[in-house]
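Residue numbers (the working numbering): 57 to 577. Yeah, the Cβ is synthetic: ideal placement off N, Cα and C, and Gly gets one too. Written below as structure tokens is the structure these notes are about.
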Amino acid sequence: MSKKASDSLHKLIHSLSKPEKRYFKVFASRHSSGENVYQILFDAILKQESYDEDAILKKFKKESFTNRFPITKSRLYDTVLKSLDAFHSNSSLDAQLKRNLHCVEILYKKSLYKESSKLLYQTKKKAEKFDKHAILIDIYKWQKQLIEKDNYTETNVKELEKIWEEDKLTLQKIRNYSDFWHIKSLLFQTLNKRGKARSTSEFNDLKKIIDSYLLKSESKALYPETKYLYHHIYSAYYFGVGDYENCFEHLSKNIKHIEDNYENYSEEPNVYFSVLSNAVYIASRLKNYNSAYTYLEKLRSLPEKLAIKSNEDLDIKLFSSTYSIELTLYCITGQFEKGISLIPMVEEGLKLYDNKINNVRVAFLCFNSACLQVGAENYAEALKWTNRLLNDVDIDKSEDIYCFAQILNLVIHLELKNNRLLPYALKSTSRYLETRNRKYQFEECMLEFVKDAIKTDDSSEMKNRYSKLKVELDNLSKNEFEKTAFEYFDFPAWVEHKVSGRTMMEIVKEKSGYPSSSDEK
57 MSKKASDSLH KLIHSLSKPE KRYFKVFASR HSSGENVYQI LFDAILKQES YDEDAILKKF
117 KKESFTNRFP ITKSRLYDTV LKSLDAFHSN SSLDAQLKRN LHCVEILYKK SLYKESSKLL
177 YQTKKKAEKF DKHAILIDIY KWQKQLIEKD NYTETNVKEL EKIWEEDKLT LQKIRNYSDF
237 WHIKSLLFQT LNKRGKARST SEFNDLKKII DSYLLKSESK ALYPETKYLY HHIYSAYYFG
297 VGDYENCFEH LSKNIKHIED NYENYSEEPN VYFSVLSNAV YIASRLKNYN SAYTYLEKLR
357 SLPEKLAIKS NEDLDIKLFS STYSIELTLY CITGQFEKGI SLIPMVEEGL KLYDNKINNV
417 RVAFLCFNSA CLQVGAENYA EALKWTNRLL NDVDIDKSED IYCFAQILNL VIHLELKNNR
477 LLPYALKSTS RYLETRNRKY QFEECMLEFV KDAIKTDDSS EMKNRYSKLK VELDNLSKNE
537 FEKTAFEYFD FPAWVEHKVS GRTMMEIVKE KSGYPSSSDE K
């Protein structure tokens with residue numbers, strides 16, 4: 057039985073904070089009579105690290121509630137949700153507005169029309185200020201109902217026309233958001249599935265998505281949320297086609313837009329730190345390190361700035377976003393040791409939040425950790441991270457990050473001289489790339505190099521092969537579509553390190569134009 061039993065109730069109970077647990081006890085005692093079955097069962101489940109329904113049924117076998125245990129569980133689940141609803145009744149503007157509307161209804165049904173109308177007016181003003189259009193639809197409904205109860209004797213034609221215009225504008229804004237969101241979702245679905253454009257046809261696929269009349273002018277975005285989406289869509293598009301100058305321009309405009317309209321985004325901090333994270337990455341790619349560090353400092357200060365509204369979901373996003381972008385920045389600028397110093401915190405966060413972090417984000421944290429270790433020539437440590445990504449992270453095999461992790465894994469095996477494992481790893485990677493149907497010149501070049509390296513024992517011959525690979529990668533880095541591969545890991549810098557004998561740290565810092573005086577930032 058326990059193997060088939062749902063652990064949803066266990067997950068919900070263990071997700072509660074200490075204040076929420078205390079509130080549940082008070083709430084449950086007020087909403088039950090006699091012996092509090094829900095509190096007893098709540099405490100028993102809370103003590104279990106993992107849900108064991110057989111143990112619960114055995115412990116309470118003499119209690120009548122075990123005879124209809126699925127119903128008891130369901131009712132307890134509902135009671136916990138109701139206690140959370142009451143506890144968080146003022147936690148967001150949406151919750152406050154919906155509670156006000158419920159009070160409007162209560163006052164109306166008690167025939168307290170004047171009081172109902174006054175509260176509705178206050179609620180409407182706040183909803184309009186923060187563009188809560190879905191709630192405004194319900195507000196307008198009550199507005200009409202209050203007019204109708206007097207058989208229209210307390211209103212005039214001008215007021216009716218105003219209500220009609222408000223209705224139309226609100227519906228227009230809702231449609232405006234829906235249309236922008238549709239374009240954004242198509243764009244991101246394509247980018248997340250296939251990664252950046254690596255052929256003319258893929259470039260054209262992205263171009264078709266944004267060839268919309270809505271994107272011809274920013275003025276077609278009717279309110280702050282759709283103005284944000286306008287720049288969000290364009291920044292993502294330009295990222296996807298490798299135009300980082302235009303991408304950064306739209307990211308910067310969105311940061312200013314959010315900061316100018318912060319009240320509208322105060323309850324959605326993930327929007328702000330997502331834009332900041334992207335801006336740090338793009339600025340570093342453009343070698344605009346002043347902007348990169350300015351935005352990184354803003355990103356770091358978010359927990360303090362948003363402490364009042366902190367929650368686990370926000371904590372998880374802040375952890376994964378901040379560490380992911382910091383590791384990436386240190387990879388780009390060759391500050392490998394500085395990046396490695398963050399890895400223990402990354403490991404702690406991955407353990408703390410376990411499976412609650414998006415798998416793609418986990419993959420990037422693993423990949424960047426591996427890249428830092430390769431850059432510092434800690435190949436055994438690097439292998440642990442690529443193995444974790446390839447074997448333990450449940451990620452769509454079509455993702456670019458999985459592809460480049462396979463290639464990086466071959467590089468690490470080469471450095472470790474794992475001659476026994478390399479043929480198997482090469483075969484596995486080749487088979488994977490064949491099924492992916494997106495093999496480019498870079499992948500073919502690397503596979504051929506590893507295939508030849510396995511057969512080569514002579515050190516001078518091996519150096520010649522590295523020199524040949526360097527020329528090939530240098531040529532590919534000039535190709536608009538092929539150079540995307542080198543944004544994941546600087547393979548040309550690794551090859552140059554093998555040919556010249558210089559450290560990757562020296563080479564990457566030199567290529568990035570990273571100023572040594574910024575080391576202490």
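Counting the other Cβ atoms within 10 Å of the Cβ of Gly251 gives 16 or more, which makes it buried. Here DSSP, grouped into helix, strand and coil, assigns Gln104 to coil.
Every alpha helix (DSSP H) stretch that sits fully inside the segment 121–173 and reaches 4 residues is listed by chain position as 125–143, 149–165.
Burial state of Ser275 is exposed, judged by a 10 Å Cβ sphere holding fewer than 16 other Cβ atoms. In the three-state reduction of the DSSP assignment, Phe423 falls in the helix class, which pools H, G and I.
Rounded to whole angstroms, the Cβ separation of Arg521 and Phe505 is 7 Å, and the two are in contact under 8 Å.
Residue burial annotation: Ile162 is exposed, with fewer than 16 other C-beta atoms found within 10 angstroms of its C-beta. Distance from the CA of Gly557 to the CA of Ser268, rounded to the nearest whole angstrom, comes to 52 Å.
At a Cβ-Cβ threshold of 7 Å, Thr179 and Leu153 count as neighbours. Taking the C-beta atoms as reference points, Cys387 is found nearer than 7 Å to Asn424. With respect to the 7 Å criterion, Tyr293 and Ile314 are not classified as neighbours on the basis of their beta carbons.
C-alpha of Lys117 to C-alpha of Arg124: approximately 12 Å in a straight line. DSSP places Lys534 outside both helix and strand once states are collapsed to three, so it counts as coil. Just measuring C-alpha positions, the residue of Phe186, Tyr177, Val213, Asn212 sitting nearest Lys197 is Tyr177. Here Asp99 is exposed, its C-beta having fewer than 16 other C-beta atoms within 10 Å. Closest by C-alpha distance to Thr384, out of Asn346, Ile338, Leu408, Ser347, is Ile338. Shown here, Gly395 sits in a helix according to DSSP, grouped into three states. In the structure shown, Leu278 falls within a coil segment according to DSSP collapsed to helix, strand and coil. Counting other Cβ atoms within 10 Å of its Cβ, Leu355 reaches 16 or more and is therefore classed as buried. Using a C-beta cut-off of 8 Å, the segment 508–517 makes no contact with the segment 540–556, since fewer than three inter-stretch Cβ pairs fall below that distance. In the displayed model, Arg476 falls within coil according to three-state DSSP, outside both helix and strand. Assignment of Asp99 by DSSP, reduced to helix, strand and coil, places it in the helix class. A contact is defined here as three or more CB-CB pairs under 8 Å, and the segment 296–303 fails this definition with respect to the segment 318–331. Ranked by Cα distance from Lys264, the options His287, Gly296, Phe375, Leu278 are led by Gly296.
The three-state secondary structure of Phe505, taken from DSSP, is helix. Shown here, Lys412 sits in a helix according to DSSP, grouped into three states. Here Ser64 is exposed: its Cβ has fewer than 16 other Cβ atoms, across all protein chains shown, within 10 Å. Short of 6 Å from the beta carbon of Tyr458, and not among the five residues preceding or following it, lie these beta carbons of its own chain, in chain order: Ile451. In this structure, Leu307 lies near Ala335, with their beta-carbon atoms less than 7 Å apart. Using a Cβ-Cβ distance cut-off of 8 Å, the segment 388–400 and the segment 368–375 are not in contact, since fewer than three pairs of beta carbons, one from each stretch, lie closer than that value. For Leu428, the closest C-alpha among the options Lys165, Glu500, Phe547 is that of Phe547. The DSSP assignment places 300–316, 318–321 as complete runs of the alpha helix (DSSP H) inside the segment 290–323, in order along the chain (cut-off: 4 residues). Between Ala277 and Tyr290, the beta carbon gap of about 11 Å keeps them out of contact (Cβ cut-off 8 Å).
Within the same chain, Tyr435, Ala436, Leu439 come within 8 Å of Leu472 by CB-CB distance, once the 5 residues on both sides are set aside.
Ala190: member of the alpha helix (DSSP H) spanning 189–204, first to last residue.
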